Amino acid sequence: MKRSGPLFTLLAGLLLALFMLSVNATTGTRSASTGSESPADAVSSSPAPTAAPTATATVTPDKPSPSPSPPLSPGPSRSAVRNGDYAGRTDDDSSAVAVTLRDGKAVAYFCDGRNQESWLKGDVEADGSMRLTGGKDKDQVLTGQLTGKRIRGTVDMGQRKYGFTADKAVKPSGLYRATATVRGAKVDGGWIVLRDGRQVGILKRDGKPTPAPRIDPETGAVTVDGKQLTARPVTP
Amino acid sequence: MTVDPNAATQGFPPHGPVPRRPGAARYLVPALVASAVAVGLGAYGNLHDPEGTAFNLAGFSSTGAVKSWLATVATGFAVVQLVSALMLYGRLPGPSWSGALHRWSGRIAFLVAVPVAVHCLYALGYQTYEPRVLWHSLLGCFFFGAFSAKMLLLRSERLPGWVLPIVGGLVFSALTVIWLTSALWFFRTFGVTT
Numbered sequence: 017m018k019r020s021g022p023l024f025t026l027l028a029g030l031l032l033a034l035f036m037l038s039v040n041a042t043t044g045t046r047s048a049s050t051g052s053e054s055p056a057d058a059v060s061s062s063p064a065p066t067a068a069p070t071a072t073a074t075v076t077p078d079k080p081s082p083s084p085s086p087p088l089s090p091g092p093s094r095s096a097v098r099n100g101d102y103a104g105r106t107d108d109d110s111s112a113v114a115v116t117l118r119d120g121k122a123v124a125y126f127c128d129g130r131n132q133e134s135w136l137k138g139d140v141e142a143d144g145s146m147r148l149t150g151g152k153d154k155d156q157v158l159t160g161q162l163t164g165k166r167i168r169g170t171v172d173m174g175q176r177k178y179g180f181t182a183d184k185a186v187k188p189s190g191l192y193r194a195t196a197t198v199r200g201a202k203v204d205g206g207w208i209v210l211r212d213g214r215q216v217g218i219l220k221r222d223g224k225p226t227p228a229p230r231i232d233p234e235t236g237a238v239t240v241d242g243k244q245l246t247a248r249p250v251t252p
Numbered sequence: 642m643t644v645d646p647n648a649a650t651q652g653f654p655p656h657g658p659v660p661r662r663p664g665a666a667r668y669l670v671p672a673l674v675a676s677a678v679a680v681g682l683g684a685y686g687n688l689h690d691p692e693g694t695a696f697n698l699a700g701f702s703s704t705g706a707v708k709s710w711l712a713t714v715a716t717g718f719a720v721v722q723l724v725s726a727l728m729l730y731g732r733l734p735g736p737s738w739s740g741a742l743h744r745w746s747g748r749i750a751f752l753v754a755v756p757v758a759v760h761c762l763y764a765l766g767y768q769t770y771e772p773r774v775l776w777h778s779l780l781g782c783f784f785f786g787a788f789s790a791k792m793l794l795l796r797s798e799r800l801p802g803w804v805l806p807i808v809g810g811l812v813f814s815a816l817t818v819i820w821l822t823s824a825l826w827f828f829r830t831f832g833v834t835t
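Residue numbers (the numbering used here), protein chains in the order written: chain A, 17 to 252; chain B, 642 to 835.
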C-alpha cells in the first residue's frame, strides 16, 4: 500500500504557493501603477522596458512567475548606466548607504542613524564606476562600482573608511529626504529604507543631528515635532 | 507505550539483499526531488528581481509582522510535530491519536509556512548581505527540499528505522533556525507587534 496523504500535502502546498504568487502578481501590479508618482522605473529614460512587463502582467495576471526581470535586464545599453535605486549596509553593519542613479548622475546618502551622515553627488561612468563627493570641502568621498544588481564600494568619511554593499532597491525601499521649517527651526531629514523594512535616518534641526522618526515608506509621511511632513524619493 | 499502527516504516529490518535494487530508487527519487526543490527555490529567489512589495493581510501593520506571526504558528506546530513524533516512537507516553496529531499538525505547519516562503522569494529574494540573512535564505530553500523528501520517503515502506527521524529532525532543525533568524529577529528589532 502506498500512502498518498503525503503527496496530497505536497500538492496542497504547491497549489497554495501558486495561488499566493498569482495574488501577489495581480495586487503588485496594481500598487505599482497607482503609486507611480516617482518609482524608479517611471523616471527611466527608456519607457519601452517598463511598458512591456506591466502589459504582460495585466494581460496574464494568473501567470505564476511574474518576474519583470527578463524584459528589463537584457537591455544593457553600453552607453549609459541604467537608472536605479540601491540601498544596503556598511560591512561593519554600523551604517546604511543608499545610491540613486539617474541619467548618468548619482546621489548617495551615508547615514549611521545617530549623528553621522553625508550626502554625496557625482557622475557615473559608462562602465558603472562612480566617484561621489560630499561634505563642506568635498572631503567625504564615495567610490563604488555597479555590477549587475549591486554597488560595492567604500565611503571615506574622513576619520574612517567604510566598505559597503548596496543591492538594487525596489519601492518602497530606497532613499528619502524631507526638508521644512517647523516652529522656526530648519528641519532636514534623510532616510534609507532597506529592503527588509528597516529604516536608517537622521533628522537635523538647525544642523543638530538626532535619530529620525520612522516614515511611512508607502506615502513618505512622517511627523516631526507635531507637524506632518512628506519625505520624497531623492533624485540627483 | 503507543505505537502508531500506520508506522509501517519503522522497526522493520531490511529484508536481506533482495530489495536492494528498488531500495536505491527509494532514496534516489526523494533525494533528487529535494535537491530540485531546494535549488529551484534558491535559483528563483536569486534570479528574479525582488518586487519589494506584496499582498498584505488586513489587521497587520506590515508584511514583516504577518510573516513573523505565521512563522511563529508554523514553529509552534513544529514543536507539536517533535512531541508527537516522540510519542509515535514510544519515547513519550501519548494518546492513540498521536499519529493523526502528527500528520495534521505537520500539514498545518507546512501550509502556514508556504505563504511566508512565497512572500520571501517573491518580494525579497535570495539574499546574502549578512550572515543572518544568508543562513535564512539557505535554510529556507533547504527546508522545503527536506520537507519534500520527508513526504516522499513516507510513501516507501520498510525504510531503515533511522531514516525518518533523521530527515524529520533535519526539517525541524531547519525550521527552527529559519524562525530564529527571521521572526525572533523581527520581534526583537521591532517589538512584538501585530
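Virtual Cβ for every residue (Gly too), placed ideally from N, Cα, C.
Just so it is clear, the structure is predicted and the values come from calculations on it, not from any experiment.
Run of the beta strand (DSSP E) containing residue i, from where it starts to where it stops
i	result
A:ASP229	Looking at the sequence shown, residue 229 of chain A is not Asp but Pro. Neither: A:PRO229 is in no beta strand (DSSP E) and is coded neither H nor E.
A:THR181	177–184
A:THR239	237–240
A:ARG214	Careful: A:ARG214 lies outside any beta strand (DSSP E) and carries neither H nor E.
B:SER823	Where B:SER823 is concerned, there is no enclosing beta strand (DSSP E), given that its DSSP letter is neither H nor E.
A:MET146	145–150
A:GLU133	133–139
A:VAL113	112–118
Alpha helix (DSSP H) segment containing residue i, residue limits
i	result
A:GLY129	Element bounds for A:GLY129: n/a, residue is neither H nor E.
B:VAL818	804–820
B:MET792	772–796
B:LEU711	704–729
A:GLY206	No alpha helix (DSSP H) holds A:GLY206; the beta strand (DSSP E) holding it covers 201–209.
B:VAL757	739–760
B:THR830	826–831
Short Cβ contact (7 Å threshold) for residue i with residue j
i	j	result
B:VAL714	B:VAL757	no
A:ASN99	A:LEU117	yes
A:GLY29	B:VAL755	yes
A:VAL113	A:GLY104	yes
A:GLY160	A:ILE167	yes
A:CYS127	A:ILE208	yes
B:PHE827	B:GLY705	yes
B:VAL818	B:ALA790	no
A:ASP101	A:GLY190	yes
A:LEU148	A:ALA122	yes
A:LYS184	A:LYS165	yes
A:PRO229	A:VAL238	yes
B:HIS777	B:SER823	yes
A:GLY206	A:ARG221	no
A:VAL171	A:ASP241	no
B:ALA679	B:GLY786	yes
A:ASN40	B:TYR685	no
B:SER737	B:MET728	no
Cβ-based burial, residue i [other Cβ within 10 Å; buried from 16]
i	result
A:GLU234	exposed
A:GLU133	buried
A:LEU27	exposed
A:LYS243	exposed
B:HIS656	Any reading at B:HIS656 needs caution, since the residue's pLDDT is 49, under 50, leaving its predicted position unreliable; the model's value is listed next. Exposed.
A:GLY138	buried
B:PHE718	buried
A:GLY217	buried
B:PHE813	buried
B:ARG732	exposed
A:THR163	exposed
A:GLY169	buried
A:PHE180	buried
A:ALA33	buried
B:ALA726	buried
A:ASP78	Per-residue confidence for A:ASP78 stands at a pLDDT of 40, beneath the threshold of 50, marking its modelled position as unreliable; the derived number appears in the next sentence. Classification for A:ASP78: exposed.
B:LEU816	buried
Selected residue, minimal CA-CA separation from residue i, among the options
i	options	result
B:GLY781	B:GLY740, B:TRP820, B:TRP745	B:TRP820
A:LYS224	A:ASP241, A:GLY213, A:ALA201, A:ALA142	A:ALA201
B:VAL724	B:GLY810, B:TRP826, B:THR822, B:THR834	B:GLY810
A:GLN215	A:TYR125, A:GLY138, A:PRO22, A:THR251	A:TYR125
B:TRP745	B:VAL674, B:GLY731, B:LEU762, B:VAL720	B:VAL720
B:CYS761	B:SER797, B:LEU711, B:LEU673	B:LEU711
A:TYR178	A:ARG19, A:ALA247, A:ASP204, A:SER111	A:SER111
B:ALA750	B:VAL759, B:THR716, B:PRO772	B:THR716
A:ASP119	A:ASP153, A:GLU141, A:VAL157	A:GLU141
A:ASP108	B:SER703, B:PRO772, B:THR835	B:PRO772
A:ARG211	B:VAL833, B:SER703, B:LEU794	B:SER703
A:SER20	B:ALA675, B:PRO736, B:SER676, B:LEU793	B:LEU793
A:LEU23	B:ARG748, B:GLY683, B:MET728	B:ARG748
Given a limit of 8 Å on CB to CB distance, which residues of the stretch 753–771 of chain B reach chain A? Of all residues in the stretch 753–771 of chain B, VAL755, PRO756, ALA758, VAL759, HIS760, TYR763, ALA764, LEU765, GLN768, TYR770, GLU771 have a Cβ within less than 8 Å of some Cβ in chain A.
Please name the residues in the stretch 777–797 of chain B whose beta-carbon is closer than 9 Å to at least one beta-carbon of chain A, in chain order. Residues passing the 9 Å Cβ filter: PHE785, PHE788, SER789, LYS791, MET792, LEU793, LEU794, LEU795, ARG796, SER797.
Contact residues within the stretch 178–207 of chain A, judged by C-beta distance below 8 Å to chain B: So the list reads THR181, ASP183, LYS184, ALA185, VAL186, LYS187, PRO188, SER189, given in the order they occur along the chain.
Taking a cut of 8 Å between CB atoms, which residues from the stretch 726–744 of chain B lie near chain A? For the stretch 726–744 of chain B, which is checked against every Cβ of chain A, the residues closer than 8 Å are ARG744.
By the 8 Å beta-carbon criterion, what residues does the stretch 23–45 of chain A contribute toward chain B? Those residues of the stretch 23–45 of chain A that come within reach of chain B (Cβ to Cβ, closer than 8 Å) are LEU23, THR25, LEU26, ALA28, GLY29, LEU32, ALA33, MET36, LEU37, VAL39, ASN40, THR43, GLY44.
Name, going along the chain, the residues of the stretch 149–176 of chain A whose beta-carbon falls closer than 8 Å to a beta-carbon of chain B. So the list reads LYS165, given in the order they occur along the chain.
Looking at chain B, which residues of the stretch 104–130 of chain A have a Cβ within less than 9 Å of any of its Cβ atoms? Against chain B - using a Cβ distance shorter than 9 Å - the residues of the stretch 104–130 of chain A are GLY104, ARG105, ASP109.
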